[in-house]
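There are 2 protein chains.
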Amino acid sequence: MNQSIAHLGPPGTYAEQAAVFYLNWLAKNKGIEANLCPYPSIAQSLQAVAQSNAQLAVVPVENSIEGSVTMTLDSLWQLETLRIQMALVMPIAHALISCAPSLDNIKTVSSHPQALAQCQRWLEKYLPSVQLIPTNSTTEPLQRLEHDKTAAVISSSRAAQLYNLPILARGINDYPENCTRFLVVSQTEVDTAYRIASASASHTSLAFSMPANTPGSLVKPLQIFAELDINLSKIQSRPTKRSLGEYLFFIDLEADSTEPKMQSALAELSTHAEVLKIFGSYNVLPANAL
Amino acid sequence: MNQSIAHLGPPGTYAEQAAVFYLNWLAKNKGIEANLCPYPSIAQSLQAVAQSNAQLAVVPVENSIEGSVTMTLDSLWQLETLRIQMALVMPIAHALISCAPSLDNIKTVSSHPQALAQCQRWLEKYLPSVQLIPTNSTTEPLQRLEHDKTAAVISSSRAAQLYNLPILARGINDYPENCTRFLVVSQTEVDTAYRIASASASHTSLAFSMPANTPGSLVKPLQIFAELDINLSKIQSRPTKRSLGEYLFFIDLEADSTEPKMQSALAELSTHAEVLKIFGSYNVLPANAL
Chain A
1 MNQSIAHLGP PGTYAEQAAV FYLNWLAKNK GIEANLCPYP SIAQSLQAVA QSNAQLAVVP
61 VENSIEGSVT MTLDSLWQLE TLRIQMALVM PIAHALISCA PSLDNIKTVS SHPQALAQCQ
121 RWLEKYLPSV QLIPTNSTTE PLQRLEHDKT AAVISSSRAA QLYNLPILAR GINDYPENCT
181 RFLVVSQTEV DTAYRIASAS ASHTSLAFSM PANTPGSLVK PLQIFAELDI NLSKIQSRPT
241 KRSLGEYLFF IDLEADSTEP KMQSALAELS THAEVLKIFG SYNVLPANAL
Chain B
291 MNQSIAHLGP PGTYAEQAAV FYLNWLAKNK GIEANLCPYP SIAQSLQAVA QSNAQLAVVP
351 VENSIEGSVT MTLDSLWQLE TLRIQMALVM PIAHALISCA PSLDNIKTVS SHPQALAQCQ
411 RWLEKYLPSV QLIPTNSTTE PLQRLEHDKT AAVISSSRAA QLYNLPILAR GINDYPENCT
471 RFLVVSQTEV DTAYRIASAS ASHTSLAFSM PANTPGSLVK PLQIFAELDI NLSKIQSRPT
531 KRSLGEYLFF IDLEADSTEP KMQSALAELS THAEVLKIFG SYNVLPANAL
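In order, the protein sequences belong to chains A and B.
Taking the working numbering, the leading residue of the first sequence gets 1, the next gets one more, and so forth.
Taking the working numbering, the leading residue of the second sequence gets 291, the next gets one more, and so forth.
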């Protein structure tokens, strides 16, 4: 039976593009055939895996300009059974797609809020008086473009091709080094079918809550890793949703959780944390080099 | 001349409600008359202050459920001249506003993405098949409700009153303890006209970047404050926007920057940080008790 890969839809999103890279890699390297399953939100893509409606999900977790995708972090914490098998880094180049004859005719620009934010300076410079319309994905508003010659959408060149729509401007993101890290997530702990063959994983992701908010309560967990010379590549706080000022901490570490020094660090961390959840150890690869 | 207070509009947003509390407090306690100036985005509200088109802005910085308002943090870092005069905490109670006769008739629910996210379980339970439409603010889609009896908007009861629209359901936020912290921001360092009379401020907000990403590089800055018994009430990482994996750290501390122990902590921090920006010391007050 074919495997299903859940991702944010409709077709043509950056998440779908990352999923296509992964799907081709699965076929070529593991002999696994997979189908893409678009979902209306990132949370629903991850729920599909937690509820066994899909075997895998490919979801964005961080963009180099706009930061963490909080819906992905919150879902990892809440759904519990999800495990990260791989991370894919993909460059993001936004295009302005429109049936308008020129920029002068454009009155509205629609896209996902992250994409609108990643092009805000370009928009201020070239389209200062248009109305910005946030949407659930970069591709959702593409279907309406043919009926409205004053509308434009920020999406990828690949999406323009897919929907057979003209591109008015390319590379409109404010920072050329724009890239997004995606996670390949499944329900199983470590599944060699879904991963590259490698002696060890380069990264481990986890999250924890602390029992009390006292001076230095966050220093202790960070010290555990610093003293063992384990680099922290990311820390992100998220509200516990209990009360304002209470946080969870999401941490990425540059080590495999099966290494002895990580085992002892995690054992010590669990004595300080109120709740500790480990989302898995995995390798990070450039999506287009898969 | 009247002072201008910039906030996210159109009228009726939670930011406007916080600005109204502050405006009344200014009139009563400081004899300062002020006008409200709605702007289409949070970034533009803060730019208005930086460009001296408004004396003050009231902007959301953190919600207890959905976390940091990253546009506010990024603007504080980028605009440089802005200083925090006060923080206001306001409870948030969302209502479902619609001209539909009952929930069965509703096909779309529009609101700011933060408000949609804060009601996602209620929506899954009572309106599982509606289309969710993100908007720039909770009040922007209200004007269109009278023309579309299948549409609903998540906003405040106060907004429903203001636009004379019926409420279909109240208190629809998933967590009853939902509240948002707003910042009152001006261009001046410490302006007693805009603050409560108090011997010292309870909080200081700052942000810094680090010169190198090595094991323990974040531990040192946190240790400085822990060793001086200064509590960290919040830490939030944001991308530097240079490359994936490089961060700024936004920190809230429970101390006044003029206290001797804070002076020495800040002096030590500045020797470790690449860039350090201090956004001000201020008091945090419940908005409805002003």
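Ideal Cβ placement from N, Cα and C applies to all residues, glycine included.
Checklist entry - So what does DSSP say about A/His-203, is it helix, strand or coil? => result The residue given as residue 203 of chain A occupies position 203 in the first sequence. Reduced to three states, the DSSP call for A/His-203 is strand.
Item to check | Coarse secondary structure for A/Pro-141, derived from DSSP in three states | outcome: Here residue 141 of chain A refers to the residue found at position 141 of the first sequence. Reduced to three states, the DSSP call for A/Pro-141 is helix.
Item to check | CA nearest to the CA of B/Leu-496, picked from B/Ser-488, B/Lys-318 and B/Ile-525 | outcome: Numbered from its first residue, the second sequence carries residue 496 of chain B at position 206. B/Leu-496 has its Cα closest to that of B/Ile-525, out of B/Ser-488, B/Lys-318 and B/Ile-525.
Checklist entry - Which residues, in order along the stretch 421 to 435 of chain B, keep a beta-carbon less than 9 Å from a beta-carbon of chain A? => result Gln-421, Leu-422, Ile-423, Pro-424, Thr-425 and Asn-426
Checklist entry - Does A/Pro-286 have its Cβ less than 7 Å from a Cβ in chain B? => result Translated into positions along the first sequence, residue 286 of chain A becomes position 286. Cβ-Cβ to chain B under 7 Å: no for A/Pro-286.
Checklist entry - Which whole runs of the beta strand (DSSP E) in the stretch 513 to 573 of chain B are 3 residues long or more, in chain order? => result 522 to 529 and 537 to 543
Checklist entry - Going straight from the alpha carbon of B/Thr-398 to that of A/Pro-10, what length do you get? => result The residue labelled residue 398 of chain B in the question sits at position 108 within the second sequence. The residue labelled residue 10 of chain A in the question sits at position 10 within the first sequence. Roughly 18 Å between the two C-alpha positions.
Item to check | Neighbour list for A/Arg-242 in chain B, Cβ cutoff strictly below 9 Å | outcome: Translated into the one-based positions of the first sequence, residue 242 of chain A becomes position 242. Ser-354, Tyr-465 and Glu-467, listed in chain order.
Checklist entry - Going by other Cβ atoms of all chains shown within 10 Å of its Cβ, with 16 needed for buried, is A/Lys-28 buried or exposed? => result For the purposes of this step, residue 28 of chain A is taken as residue 28 along the first sequence, with counting starting at 1. It counts as exposed.
Next on the checklist: Strictly below 9 Å CB to CB, what residues from chain B border A/Ser-237?
Outcome noted: On the first sequence, position 237 is the one that residue 237 of chain A refers to. Near A/Ser-237 (Cβ distances below 9 Å), the residues of chain B are Gly-357, Ser-358, Lys-524, Ile-525, Gln-526 and Ser-527.
Checklist entry - Going by C-alpha distance, which of A/Ile-230, A/Glu-268, A/Gln-114 and A/Thr-81 is nearest A/Asp-252? => result Position 252 of the first sequence, counting from 1, holds the residue named residue 252 of chain A. Ranking A/Ile-230, A/Glu-268, A/Gln-114 and A/Thr-81 by Cα distance to A/Asp-252 puts A/Ile-230 first.
Item to check | Straight-line gap, B/Pro-501 to A/Leu-266 (C-alpha atoms, nearest Å) | outcome: Translated into the one-based positions of the second sequence, residue 501 of chain B becomes position 211. Translated into the one-based positions of the first sequence, residue 266 of chain A becomes position 266. About 27 Å.
Checklist entry - For the 8 Å Cβ check, are there 3 or more pairs between the stretch 240 to 257 of chain A and the stretch 368 to 376 of chain B? => result Proximity of the stretch 240 to 257 of chain A to the stretch 368 to 376 of chain B falls short of the contact definition, fewer than three beta-carbon pairs being nearer than 8 Å.
Next on the checklist: At the level of alpha carbons, what is the spacing between A/Met-90 and B/Leu-366?
Outcome noted: As a first step, residue 90 of chain A must be located in the first sequence, where it is residue number 90. As a first step, residue 366 of chain B must be located in the second sequence, where it is residue number 76. For A/Met-90 and B/Leu-366, the distance between alpha carbons rounds to 29 Å.
Item to check | CB contact flag (B/Val-348, B/Phe-539, <7 Å) | outcome: Locating residue 348 of chain B in the second sequence gives position 58, counting from the first residue. Locating residue 539 of chain B in the second sequence gives position 249, counting from the first residue. For the 7 Å CB-CB criterion, B/Val-348 and B/Phe-539 do not form a contact.
Next on the checklist: Is it buried or exposed, B/Arg-460, if we count other Cβ atoms within 10 angstroms and call 16 or more buried?
Outcome noted: The residue labelled residue 460 of chain B in the question sits at position 170 within the second sequence. Here B/Arg-460 is exposed: its Cβ has fewer than 16 other Cβ atoms, across all protein chains shown, within 10 Å.
Checklist entry - Which residues share a DSSP beta bridge with B/Ser-419? => result Translated into positions along the second sequence, residue 419 of chain B becomes position 129. Paired residue(s): none; B/Ser-419 is not in a bridge.
Item to check | Spatial distance of A/Asp-191 from B/Gly-535 (CA atoms) | outcome: As a position in the first sequence, residue 191 of chain A is number 191, starting the count at 1. As a position in the second sequence, residue 535 of chain B is number 245, starting the count at 1. Between A/Asp-191 and B/Gly-535, the C-alpha separation is close to 26 Å.
Next on the checklist: Give me the DSSP bridge partner(s) of A/Asn-35.
Outcome noted: Indexing the first sequence from 1 puts residue 35 of chain A at position 35. Answer is A/Ser-4, bridged to A/Asn-35.
Next on the checklist: Quick check on B/Gly-321: buried or exposed, where buried means 16 or more other Cβ atoms within 10 Å of its Cβ?
Outcome noted: Along the second sequence, one-based indexing puts residue 321 of chain B at 31. By the neighbour-count rule (16 or more Cβ atoms within 10 Å), B/Gly-321 is not buried but exposed.
Checklist entry - Can you find a C-beta in chain A that's less than 7 Å from the C-beta of B/Gly-506? => result Here residue 506 of chain B corresponds to residue number 216 of the second sequence, with the count starting at 1. At least one chain A Cβ lies under 7 Å of B/Gly-506.
Item to check | Three-state secondary structure assigned by DSSP to B/Gln-337 | outcome: The residue given as residue 337 of chain B occupies position 47 in the second sequence. Reduced to three states, the DSSP call for B/Gln-337 is helix.
Checklist entry - Interface residues of chain A around B/Gln-404 at Cβ under 9 Å? => result In the second sequence, residue 404 of chain B corresponds to position 114, counting from 1. Under the 9 Å cutoff, chain A gives no residues; its nearest Cβ is about 10 Å from B/Gln-404.
Item to check | Three-state class that DSSP yields for B/Ala-579 in the structure shown | outcome: For the purposes of this step, residue 579 of chain B is taken as residue 289 along the second sequence, with counting starting at 1. Three-state DSSP puts B/Ala-579 in a helix.
Item to check | Beta-carbon neighbours of A/Gln-223, restricted to chain B and to distances below 7 Å | outcome: For the purposes of this step, residue 223 of chain A is identified with residue 223 of the first sequence, where counting begins at 1. Under the 7 Å cutoff, chain B gives Val-509.
Checklist entry - Buried or exposed: which applies to A/His-147, given that a residue is buried once 16 or more other Cβ atoms fall within 10 Å of its Cβ? => result If you number the first sequence from 1, residue 147 of chain A lands on position 147. That one is exposed.
Checklist entry - Is there at least one Cβ from chain A nearer than 7 Å to B/Ala-305's Cβ? => result If you number the second sequence from 1, residue 305 of chain B lands on position 15. Cβ-Cβ to chain A under 7 Å: no for B/Ala-305.
Next on the checklist: Quick check on A/Ile-196: does DSSP put it in helix, strand or coil?
Outcome noted: Position 196 of the first sequence holds residue 196 of chain A. Looking at A/Ile-196 - three-state DSSP - the assignment turns out to be coil, as it is neither helix nor strand.
Item to check | Classification of B/Val-443 by the beta-carbon crowding that lies within 10 angstroms, buried from 16 upward | outcome: Translated into positions along the second sequence, residue 443 of chain B becomes position 153. B/Val-443 is buried by the Cβ-count criterion.
Next on the checklist: Beta-carbon within less than 8 Å of A/Ala-93's beta-carbon, same chain only, minus the 5 sequence neighbours each way: which residues are those?
Outcome noted: For the purposes of this step, residue 93 of chain A is taken as the residue at position 93 of the first sequence. These residues qualify, in order along the chain: Ser-156, Ser-157, Arg-170, Gly-171, Asn-173 and Asn-178.
Checklist entry - For A/Lys-220, which residues from the same chain have a beta carbon less than 7 Å from its beta carbon, with the 5 sequence-adjacent residues on both sides left out? => result Position 220 of the first sequence, counted from the first residue, corresponds to residue 220 of chain A. Excluding positions up to five away in sequence, the list reads His-272.
Checklist entry - Does A/Ala-207 have its Cβ less than 7 Å from a Cβ in chain B? => result Looking up residue 207 of chain A in the first sequence gives position 207. So no, A/Ala-207 is outside the interface.
Next on the checklist: Any beta carbon of chain E sitting closer than 7 Å to that of B/Ala-441?
Outcome noted: Absent from the structure: chain E. Protein chains present are A and B.
Checklist entry - Quick one: what does DSSP say A/Ile-97 is sitting in, helix, strand or coil? => result Within the first sequence, numbered from 1, the residue matching residue 97 of chain A stands at position 97. In this structure, A/Ile-97 counts as strand in the three-state DSSP scheme.
Item to check | Option nearest A/Pro-101 by Cα separation, candidates A/Gln-223, A/Tyr-22, A/Leu-168 and A/Leu-222 | outcome: In the first sequence, residue 101 of chain A corresponds to position 101, counting from 1. Selected option, being the one with the closest Cα: A/Leu-168.
Next on the checklist: Between A/Glu-66, A/Lys-149, A/Ser-64 and A/Val-185, which has its C-alpha nearest A/Val-49's C-alpha?
Outcome noted: Here residue 49 of chain A refers to the residue found at position 49 when the first sequence is read from its first residue. Taking only the C-alpha atoms, the option nearest A/Val-49 is A/Val-185.
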